[in-house]
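Take 616 as the starting number for the sequence shown in the working numbering and just add one per residue.
We put the CB at the ideal spot given by N, CA and C, even for glycine.
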Amino acid sequence: IVAVDLKSVRLISKLPALSPACITAITVSPDQKNCLVAYSDQKLAQIDIQTAKFTPFTGKFNQCLHPDWKSRQVAVSGASYMKPDLMLLYDCQNLILIDEESEVPEPEEKLHISEANHDDSQDGSLICSSPTYSSSLPPRITGGKEKVRVHPNP
């Protein structure tokens, strides 16, 4: 991967590869400091564009991968930064939100949405007004009593 300044047509840096696997998604942070790369072997690399070095996030994330993440059959197919420290990844089955400022939760702290408590909306989406959690997550992640809207595939 090569980072180029399009205004001056100047090479900024040649970014290192974390894995020999295929790149499945790539995005640049809103502040244009970092590049996030997802690989088909489920690894993620965040690279500082100016220094062409992996950020500390890369090591932290890849060292604490849950076995379920490593054994996923579907690779990340898209990525986007919501904020410089908040990333959204997706594939054909999942939306994954990663907050760099938060500690990686233990597997039992994952969000589980109960099928028993939902309302059907008129646009065909499913609204879960009170998702159930296997344990409590910080309010800044769950947003208190926010609704979760899930759109089924057409």
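DSSP places D714 inside the beta strand (DSSP E), whose first and last residues are 710-714. The alpha-carbon of L712 is positioned some 18 Å away from that of P682.
The residue from L710, L626, A640, K622 with its alpha-carbon nearest to that of I664 is L626. DSSP places T666 in the coil class of the three-state scheme, outside both helix and strand. Judged by DSSP secondary structure, D620 falls outside any alpha helix (DSSP H) and instead within the beta strand (DSSP E) spanning 617-620.
Within the same chain, Q657 come within 7 Å of W684 by CB-CB distance, once the 5 residues on both sides are set aside.
The beta-bridge partner set that DSSP reports for L626 consists of V619. Between the stretch 666-675 and the stretch 688-696 there are fewer than three C-beta pairs closer than 8 Å, too few to call the two in contact.
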